[in-house]
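Undergrad: Residue numbers (the working numbering), protein chains in the order written: chain E, 6 to 135; chain L, 846 to 1467.
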């Protein structure tokens, strides 16, 4: 089982289990930002893409096109909604290597209701750091 | 020719395959809830609502009973409680520490809104077997987050840069980490609050009061629930005084030049049997001079050895000084004596934040910062033998003359001055400590003013979270404030669904709570000018010995005339048995260190601070 996961805090104490909710006004929505953290508390681990060149994070699901991703608040300003986010070729474990994942949701459907989104990585393979 | 065909290149190399420890994807769910704000209209009509409660992934919504309560407040956990009828003993057992989410959907004709209101875990389960009802109390992960941190940086990251850490005042120990205590210490400097949102995401928000997201009028709130709470006397004193006490040693260095010369004539020395001053006696006197030390070495000049012709009473005779006697004696000397001592200095950096209150209660914050420098050891250290030079004259090329301070620990204040030695407390440390103490005062001041609150209840309104700016204009109360706490009550029996809100509406002077604080360390202009009374030659038991010598003036070589009976020249003897007889000695009394240069010193210094407290207060109209 991967030790790399998404967490609710930079200390990687609480994995994101329940759905993060982004509330949007149907007529005049305003962007809502949240931040989660990606990493592993185990400093002996590293993860690489299991195929492909980079570790990627992307939104999938009905509302994926309204989700912008970035690794910093500054980059979030220019992030393209729906685009995958690259975390680099290798992600390292340990708290000093935690990567913040900024999410910005701005609804474009203007349709009342709940749309599920999954934030997911591509296929990863986890190794010991040698 | 190679043994191998060139076609067998590196592509045919084989290395042992490294198998991954695990493979898969990491993911988490999210939901975009598009809502119609019209469901919150307080116009005529009705709304319907439904709560969706998941306990350990099991939807128990249809088995809820009684009330669902959800409450949140600044810098504390969000809590929820509800009653549920478990389907089985196994399900009841599974409630322990189970993940809980509470979503609330609102329906109005043609409108719909769904909100996450709580994410946490079951804290306690109280089961009533008679009713088959379990009362679940739940709490979010607020307390667990800081406790799980493993470094100062992790704890600091929980404050989003809004706290004011100071390693010297609030140190982190890698040997005995106490993340909870470190978290609490930083929280005391936060001009804002921390909390988890409804999805469990950690937040750090400033106490900022900007443009309200909504203004509630008389039609938006339940009339009798609107209350204005003024701060108590204890919350708003006249002023909050923040003090940083900086303790450090002031290191003094003083020098005194000392000279002496034997002025007894050869004739009198022979007639009265006056001894030559001994080198050992002089060095002993200098080395024990009340805490003063010889810088380098004293320059002792020996008397000339030999036979010296003198005339006494018309008779020609001689004074004989053997070589060994001359080598043990001193004709004159010069030396520099020095002394190092420290003075404890405590600088009180202060700032007072005017609160405008009438309470005379003293609300003060006082912290101290001190270096680990051992001033006592610095003062009591003694120089090594190496401080004495090897050569009196004609040193060989390349020889470096000692300073006289060899073996003494640093620092070395320039002679006859004082050095304020902050040691391991850098300028940056001091600036950081000043900001830390002011930050604590700002938080205390702001928290006090934020005790002015406006509370009310209105139909369930989950649009707003802690920290949002809201306004009220109803029943003669006009206020804009920050949502400081709320509680939801969802009554499954009656259908009543209410949110109670408390807005912090402090009197302030800004839209954001911020501050700047600077202070300058005081310098010193200490200049020492110690002097020593001239060292002389004092003869006792002689006819020219004062009957009452001035004791304080007796510094130098003290000796006596031998009795007339022992003199080879009794007719010329100056012996007087009635005059004071001294203890033969070389007497040096060094100047005392004046109390103002020795006693602990306290200095008042001012912190220049600019404090902005967000808020516009409350207007009451009768």
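Idealized CB from N, CA, C, for every residue including glycine. Note that the structure is predicted; figures quoted are calculated from it, not measured.
Between residue 13 (chain E) and chain L, is there a C-beta pair that is closer than 8 angstroms?
TA: Yes, residue 13 (chain E) counts as interfacial toward chain L.
Undergrad: Do you know how far the Cα of residue 107 (chain E) is from the Cα of residue 84 (chain E)?
TA: Their backbone Cα atoms lie some 10 angstroms apart in a straight line.
Undergrad: If the criterion is Cβ atoms closer than 8 angstroms, does the pair residue 14 (chain E) and residue 879 (chain L) meet it?
TA: With respect to residue 879 (chain L), residue 14 (chain E) sits apart: the two C-beta atoms are not nearer than 8 angstroms.
Undergrad: Is it true that the region 990-1006 of chain L meets the region 1022-1031 of chain L, where meeting means three or more beta-carbon pairs spaced less than 8 angstroms apart?
TA: Yes, the region 990-1006 of chain L touches the region 1022-1031 of chain L.
Undergrad: From the DSSP output, in three-state form, read off residue 848 (chain L) for me.
TA: Only weak support is given to the placement of residue 848 (chain L): the predicted model assigns it a pLDDT of 49, under 50, and the value that follows is read from those uncertain coordinates. The answer is coil: DSSP assigns residue 848 (chain L) none of H, G, I, E or B.
Undergrad: Please list the partners that residue 127 (chain E) has in chain L, where partner means a Cβ-to-Cβ separation under 8 angstroms.
TA: 870
Undergrad: Measuring CA to CA, which of L:998, L:1339, L:1042, L:1323 is closest to residue 1465 (chain L)?
TA: The shortest CA-to-CA distance from residue 1465 (chain L) to any of L:998, L:1339, L:1042, L:1323 is the one to L:1323.
Undergrad: In three-state terms, what does DSSP make of residue 72 (chain E)?
TA: strand
Undergrad: Tell me whether residue 1238 (chain L) sits in a helix, a strand or coil according to DSSP, three-state version.
TA: coil
Undergrad: Is it the case that the Cβ atoms of residue 1148 (chain L) and residue 1123 (chain L) are separated by a distance below 8 angstroms?
TA: no
Undergrad: Counting contacts by CB-CB distance shorter than 8 angstroms, is residue 193 (chain E) in contact with chain L?
TA: In the structure as shown, chain E begins at 6 and stops at 135. Residue 193 (chain E) is therefore absent and cannot be evaluated.
Undergrad: Can you list, in chain order, the residues of its chain whose CB lies under 8 angstroms from that of residue 60 (chain E), leaving out five sequence neighbours each side?
TA: Cβ neighbours of residue 60 (chain E) beyond the five flanking positions: 52, 53, 54, 91, 92, 93, 94, 95, 96, 126, 127, 129.
Undergrad: Closer than 9 angstroms, Cβ to Cβ, to anything on chain L: give me those residues from the region 73-91 of chain E, in chain order.
TA: none
Undergrad: Tell whether a beta-carbon distance below 8 angstroms holds between residue 941 (chain L) and residue 967 (chain L).
TA: yes
Undergrad: Helix or strand or just coil, what does DSSP make of residue 134 (chain E)?
TA: Residue state for residue 134 (chain E) is assigned as coil, using DSSP reduced to three classes.
Undergrad: In whole angstroms, give me the CA-to-CA distance for residue 866 (chain L) and residue 48 (chain E).
TA: 14 angstroms
Undergrad: Looking at residue 999 (chain L) and residue 16 (chain E), is the spacing between their C-beta atoms short of 8 angstroms?
TA: yes
Undergrad: Looking at the unbroken alpha helix (DSSP H) that takes in residue 1126 (chain L), where does it start and where does it end?
TA: 1124-1132
Undergrad: So, does the CB of residue 986 (chain L) fall closer than 8 angstroms to a CB anywhere in chain E?
TA: yes
Undergrad: Candidates L:996, L:917, L:956, L:992: which alpha carbon is nearest residue 965 (chain L)'s?
TA: L:917
Undergrad: Taking only beta-carbon atoms, is residue 95 (chain E) less than 8 angstroms away from chain L?
TA: no
Undergrad: Can you determine whether any heavy atom of the ligand ZN sits closer than 7 angstroms to the C-beta of residue 1432 (chain L), and answer yes or no?
TA: Although the ligand ZN was asked about, the structure shown includes no ligands whatsoever.
Undergrad: How would you call residue 1329 (chain L), buried or exposed, if buried means at least 16 neighbouring beta carbons within 10 angstroms?
TA: buried
Undergrad: Indicate whether at least one CB of chain L lies closer than 8 angstroms to the CB of residue 121 (chain E).
TA: yes
Undergrad: Spell out the partners DSSP gives residue 1219 (chain L) in its beta bridges.
TA: Its beta-bridge partners do not exist; DSSP assigns none.
Undergrad: For residue 1475 (chain L), count neighbouring C-beta atoms within 10 Å of its own C-beta (all shown protein chains included) and say buried if the count is 16 or more, exposed if not.
TA: Coverage of chain L is limited to positions 846 through 1467, which leaves residue 1475 (chain L) absent and any answer about it impossible.
Undergrad: With a cut-off of 8 angstroms, do at least 3 Cβ pairs link the region 19-35 of chain E to the region 101-116 of chain E?
TA: yes
Undergrad: Look up residue 1395 (chain L) in the DSSP assignment and say whether it is helix, strand or coil.
TA: coil
Undergrad: Whole beta strand (DSSP E) runs in the region 1055-1128 of chain L with 3 or more residues, listed along the chain?
TA: 1059-1061, 1072-1074, 1084-1106
Undergrad: Where does the unbroken alpha helix (DSSP H) through residue 1370 (chain L) begin, and where does it stop?
TA: Segment: none, residue 1370 (chain L) is in no alpha helix (DSSP H) and carries neither H nor E.
Undergrad: Is the beta carbon of residue 895 (chain L) less than 8 angstroms from the beta carbon of residue 950 (chain L)?
TA: Between residue 895 (chain L) and residue 950 (chain L), the CB-CB gap stays under 8 angstroms.
Undergrad: Helix, strand or coil for residue 816 (chain L), going by three-state DSSP, please let me know.
TA: The question about residue 816 (chain L) has no answer, for chain L in this structure spans 846 to 1467.
Undergrad: Once you ignore the five residues that flank residue 860 (chain L) on each side, which residues in its own chain have a CB closer than 8 angstroms to its CB?
TA: Confidence is the limiting factor: at residue 860 (chain L) the pLDDT is only 48, short of 50, which leaves the residue's position unreliable, though a coordinate-based value still follows. Counting only Cβ-Cβ distances below 8 angstroms, and skipping sequence neighbours, we find nothing.
Undergrad: The beta strand (DSSP E) spanning residue 54 (chain E) covers which residue range?
TA: 50-54
Undergrad: Residue 944 (chain L) touches chain E at which residues, Cβ-Cβ below 8 angstroms?
TA: 22, 23
Undergrad: Please list, in chain order, all residues of the same chain as residue 1296 (chain L) whose beta carbon is under 6 angstroms from its beta carbon, the five residues on each side excluded.
TA: In chain order, 1076, 1080 place their CB closer than 6 angstroms to the CB of residue 1296 (chain L), counting only its own chain and leaving out the 5 sequence neighbours on each side.
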